[in-house]
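>
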Amino acid sequence: MAKVLVIGGGGREHAIVDALSRSSKVEKIYCAPGNAGIAAQAECVPLKDTQVNELKDFALENGIDLTVVGPEASLALGICDIFREAGLAIFGPSKAAAMIEASKDFAKQLMKKYSVPTAAFETFEDYDKALEYVRKGSFPVVLKYDGLAAGKGVVIPETFEQADEALRDMLLDGRFGKGRVVIEEFLTGPEFSFMCFVNGEQVSPMTLSQDHKRAWEGDKGPNTGGMGAYSPVPLISEEDIRFSLENIMKPVARAMVAEGCPFSGVLYGGLMKTPEGVKVIEFNCRFGDPETEVVLPRLESDIYDIFLAVAEGREIPQMKWSDEVTLGFVLASKGYPGSYEKGFPIDLGEDVPGTRIFHMGTALSSDGQLVTSGGRVLMVVGHGKDFACAKDAALKKVNAISCSNLFHRNDIGWRIF
Ligand code: AMP
Ligand code: GLY
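Under numbering that gives the first Met the number 0, residues 0 to 416 are what the sequence shown spells out, in order.
1) Please report the straight-line C-alpha distance between T223 and I89, rounded to a whole angstrom.
2) CB-CB under 7 Å to A129, same chain, minus the five flanking residues each way: which ones, in chain order?
3) Taking 8 Å as the cut-off, does the segment 293 to 312 touch the segment 358 to 375 (at least 3 CB pairs, one atom from each stretch)?
4) Below 8 Å, how does it come out for the segment 25 to 42 and the segment 304 to 316: are there three or more Cβ pairs, yes or no?
5) State the beta-bridge partners of C30 as determined by DSSP.
6) How many angstroms separate the CA atom of L65 from the CA atom of V351?
7) So, using beta-carbon positions, are H407 and H13 closer together than 8 Å?
8) With DSSP as the reference, label Y229 as helix, strand or coil.
9) Taking the alpha-carbon of L142 as reference, which of V153, L4, A39, K135 has the nearest alpha-carbon?
10) In chain order, what residues of the same chain lie with their CB nearer than 7 Å to the CB of Q201, ignoring the 5 residues before and after it?
11) For the ligand GLY, is there a heavy atom less than 7 Å away from the beta-carbon of E290?
12) For the alpha helix (DSSP H) that K135 lies in, which residues bound it at each end?
13) Ordered along the chain, which non-local residues of its own chain (more than five positions away) have a Cβ less than 8 Å from that of G276?
14) Can you tell me where the alpha helix (DSSP H) holding Q108 begins and where it ends?
15) Taking 7 Å as the cut-off, is the C-beta of G381 nearer than that to any heavy atom in the ligand GLY?
16) Measure how close the beta-carbons of P231 and V380 come, nearest whole angstrom, since I'm counting them as under 8 Å.
17) Does DSSP put K319 in a helix, a strand or coil?
18) Which residues mark the beginning and the end of the beta strand (DSSP E) in which G353 is found?
19) Report back the beta-carbon spacing between A35 and T361 to the nearest angstrom; my notes put them in contact at under 8 Å.
20) Does the segment 256 to 265 come close enough to the segment 210 to 220 to have 3 or more Cβ pairs within less than 8 Å?
21) Near Y132, which residues of its chain fall below 8 Å by C-beta distance, leaving aside the five closest residues on each side in sequence?
22) Comparing C-alpha positions only, which one of L347, V67, V376, Y267 sits nearest to L87?
23) G33 to V16, Cα distance in whole Å?
24) For Y267, name the three-state secondary structure that DSSP assigns.
25) Whose C-beta lies closer than 6 Å to the C-beta of D346 among residues of the same chain, with five residues either side of it excluded?
26) Between which two residues does the alpha helix (DSSP H) holding M255 run?
27) Just to confirm the assignment, what range does the beta strand (DSSP E) spanning N222 have?
28) Between which two residues does the beta strand (DSSP E) holding S372 run?
29) For the ligand AMP, is there any heavy atom lying closer than 7 Å to the beta carbon of L186?
30) Figure out for me which residue from V376, V140, Q161 has the closest Cα to the Cα of G8.
31) With F306 as the anchor, note down where its alpha helix (DSSP H) starts and where it stops.
32) Over what stretch of residues does the beta strand (DSSP E) that includes A399 continue unbroken?
33) Excluding sequence positions up to five away, which residues of its chain have a Cβ less than 6 Å from the Cβ of K395?
34) For F282, name the three-state secondary structure that DSSP assigns.
35) Would you check whether the ligand GLY has a heavy atom nearer than 7 Å to the C-beta of N198?
36) How close, in whole Å, do the beta carbons of D48 and A72 come, if the pair is a contact with beta carbons under 8 Å?
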């Protein structure tokens with residue numbers, strides 16, 4: 000029986016811990032740092048996801064058989080290289096392979112070189128040249144800061160003046176630090192998240208999901224980490240999935256091997272079904288959040304076997320997915336994704352059949368009260384035979400929760416209803 004360490008402390012990690020707790024091979028789960036909800040299913044360890052050397056020492060001292068990494072921050076710091084050098088099994092990509100998320104330019108150049116469909120682009124370091132390029136192009140245009148920018152590195156200006164202001168921020172005034180900007184053609188169409196387990200050239204697709212990135216109903220307001228999701232995605236055909244696997248995910252996995260940075264872990268394709276076919280918006284080098292909270296509850300296979308096979312470079316076992324669908328609402332602190340206050344008491348209310356709660360940003364106060372402690376606080380996921388059942392159950396549970404400082408979108412899944 001195995002001891003597993005999960006790194007991270009959000010809803011994604013709660014869903015990973017929950018899936019591992021269903022494994023017949025796992026006897027003990029630790030989570031660093033975890034959160035108040037995760038604490039019910041795992042022993043929380045007070046180490047941050049960026050304390051990569053301390054995490055390695057913890058794994059060595061506690062006889063951890065497998066470590067599973069949630070956040071990109073740990074991956075970009077090279078946690079997998081550090082663990083592997085110490086002889087520890089870890090699920091996630093090397094620092095070199097994590098570049099596919101950490102650098103927009105790396106990802107775009109790779110797609111260009113290997114003819115993977117994506118928006119046309121140019122990369123600039125010089126403000127004047129970037130401005131000249133934008134002046135000649137059309138609007139809206141997409142500006143992506145080249146580096147990890149906590150989801151705030153993408154700006155879509157409608158006018159030349161707005162583009163100028165954003166380019167100044169990114170290239171002249173050092174608001175993001177010294178860097179580069181990828182300027183991209185604006186694409187249209189529904190987006191979907193295609194997460195695959197990847198082990199060198201082997202690519203094993205998970206079921207699809209769709210995130211809702213804007214803060215407010217009707218897909219209005221600022222971009223967030225995600226306000227809700229559902230799985231699978233009826234809008235995307237079997238043919239689109241086959242195309243995405245054969246022409247995007249597999250070629251990229253082979254390209255990473257050819258470039259000397261083979262990928263291991265979850266490769267997340269943020270894809271868009273445009274009028275000219277499916278194209279890549281972005282890649283992430285890890286599970287998506289909130290996508291993981293609607294995808295992993297549908298996995299019927301033992302996730303420990305999958306994680307361990309990928310970590311050890313063995314063939315990934317076949318996966319079985321439930322026919323039941325999932326749909327979930329994120330409850331976020333008022334003010335998110337801008338500034339918000341923490342520490343508001345939460346009453347989770349009565350149980351509602353067909354739902355589960357994943358904690359994204361919760362803590363226990365000194366007197367044991369569950370309180371808010373992040374921008375995104377809870378995710379309520381409903382499951383059922385169809386999306387109407389899943390949504391009804393989830394909303395019933397959302398309405399049973401009381402807290403004076405939370406908001407949510409009621410229109411998750413609007414494209415399917
Ligand atoms: P990213 O961080 O690259 O996922 O970008 C954040 C969001 O900006 C995406 O989810 C899209 O909604 C939007 N976006 C990014 N690139 C494009 C593009 N080329 N065309 C249209 N929308 C885009
Ligand atoms: N939900 C999008 C992401 O995890 O990046």
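All C-beta atoms, glycine included, are put in the ideal place defined by N, C-alpha and C. A quick note: this is a predicted structure, and the numbers were derived from the prediction, not measured.
To lay it out plainly:
1) As a position in the sequence shown, residue 223 is number 224, starting the count at 1. As a position in the sequence shown, residue 89 is number 90, starting the count at 1. Rounded to the nearest whole angstrom, the CA to CA distance from T223 to I89 is 29 Å.
2) Here residue 129 refers to the residue found at position 130 of the sequence shown. Here the set comprises F123, L166, L170, V180, I182.
3) In this structure the segment 358 to 375 does not touch the segment 293 to 312; the number of beta carbon pairs closer than 8 Å is below three.
4) No, they do not touch.
5) Locating residue 30 in the sequence shown gives position 31, where the first residue counts as 1. C30 pairs with V5, C43.
6) As a working note, residue 65 is residue 66 in the sequence shown. As a working note, residue 351 is residue 352 in the sequence shown. CA-to-CA, the gap between L65 and V351 works out to about 34 Å.
7) Stepping through the sequence shown from its first residue, residue 407 is reached at position 408. Stepping through the sequence shown from its first residue, residue 13 is reached at position 14. H13 sits away from H407, with the two beta carbons spaced by 8 Å or more.
8) Mapped onto the sequence shown, residue 229 falls at position 230. Note: Y229 maps to strand in three-state DSSP.
9) Sequence index remark: in the sequence shown, residue 142 carries index 143 (1-based). Minimum Cα distance to L142 is reached at V153.
10) For the purposes of this step, residue 201 is taken as residue 202 along the sequence shown, with counting starting at 1. Here Q201 has E314, I315 as same chain residues with Cβ atoms under 7 Å from its own Cβ, once five neighbours each way along the sequence are excluded.
11) Your numbering for residue 290 matches position 291 in the sequence shown. Yes - the ligand GLY has a heavy atom lying nearer than 7 Å to the Cβ of E290.
12) Position 136 of the sequence shown, counting from 1, holds the residue named residue 135. Looking at the DSSP string, the run of the alpha helix (DSSP H) that includes K135 is 126 to 135.
13) Residue mapping note: residue 276 aligns to position 277 of the sequence shown, counting from 1. Closer than 8 Å at the Cβ level, and outside the excluded window around G276, lie P116, F242.
14) Here the question's residue 108 lines up with position 109 in the sequence shown. For Q108, the enclosing alpha helix (DSSP H) starts and ends at 103 to 112.
15) Counting from 1 along the sequence shown, the entry for residue 381 is found at position 382. Relative to the ligand GLY, G381 has its C-beta separated by 7 Å or more from all heavy atoms.
16) Your numbering for residue 231 matches position 232 in the sequence shown. Your numbering for residue 380 matches position 381 in the sequence shown. Actually they are not in contact, since the Cβ atoms of P231 and V380 sit about 14 Å apart, beyond 8 Å.
17) In the sequence shown, residue 319 corresponds to position 320, counting from 1. Residue state for K319 is assigned as coil, using DSSP reduced to three classes.
18) One-based indexing of the sequence shown puts residue 353 at position 354. DSSP places G353 in no beta strand (DSSP E); its state is neither H nor E.
19) The residue given as residue 35 occupies position 36 in the sequence shown. The residue given as residue 361 occupies position 362 in the sequence shown. About 4 Å separates the two Cβ atoms, so the contact holds.
20) Not touching, per the Cβ criterion.
21) Translated into positions along the sequence shown, residue 132 becomes position 133. Within the same chain, E121, F123, I182 come within 8 Å of Y132 by CB-CB distance, once the 5 residues on both sides are set aside.
22) As a working note, residue 87 is residue 88 in the sequence shown. Check the Cα spacing between L87 and each of L347, V67, V376, Y267: the tightest is with V67.
23) Against the sequence shown, residue 33 aligns to sequence position 34. Against the sequence shown, residue 16 aligns to sequence position 17. When rounded, the distance between both Cα atoms is 10 Å.
24) On the sequence shown, residue 267 is found 268 positions in, with the first residue counted as 1. Of the three classes helix, strand and coil, the one that applies to Y267 here is strand, per DSSP.
25) In the sequence shown, counting from the first residue as 1, residue 346 sits at position 347. Within the same chain, D346 has close Cβ partners S401.
26) Along the sequence shown, one-based indexing puts residue 255 at 256. In the DSSP assignment, M255 falls within the alpha helix (DSSP H) that extends over 249 to 257.
27) Here residue 222 is taken as the residue at index 223 of the sequence shown, counted from 1. Element bounds for N222: 219 to 222.
28) Taking the sequence shown and counting its residues from 1, one reaches residue 372 at position 373. Careful: S372 lies outside any beta strand (DSSP E) and carries neither H nor E.
29) On the sequence shown, residue 186 is found 187 positions in, with the first residue counted as 1. Yes, the beta carbon of L186 sits closer than 7 Å to at least one heavy atom of the ligand AMP.
30) Mapped onto the sequence shown, residue 8 falls at position 9. Considering only alpha carbons, the answer is V376.
31) The sequence position of residue 306 within the sequence shown is 307, counting from 1. In this chain, the alpha helix (DSSP H) harbouring F306 covers 302 to 310.
32) In the sequence shown, residue 399 corresponds to position 400, counting from 1. For A399, there is no enclosing beta strand (DSSP E); the residue is part of the alpha helix (DSSP H) that begins and ends at 386 to 399.
33) On the sequence shown, position 396 is the one that residue 395 refers to. Hits under 6 Å: V351.
34) The sequence position of residue 282 within the sequence shown is 283, counting from 1. Of the three classes helix, strand and coil, the one that applies to F282 here is strand, per DSSP.
35) Reading the sequence shown from its first residue, position 199 is the one you call residue 198. N198 has its Cβ no nearer than 7 Å to any heavy atom of the ligand GLY.
36) Here residue 48 refers to the residue found at position 49 when the sequence shown is read from its first residue. Here residue 72 refers to the residue found at position 73 when the sequence shown is read from its first residue. Rounded, the Cβ-Cβ distance is 6 Å, consistent with contact.
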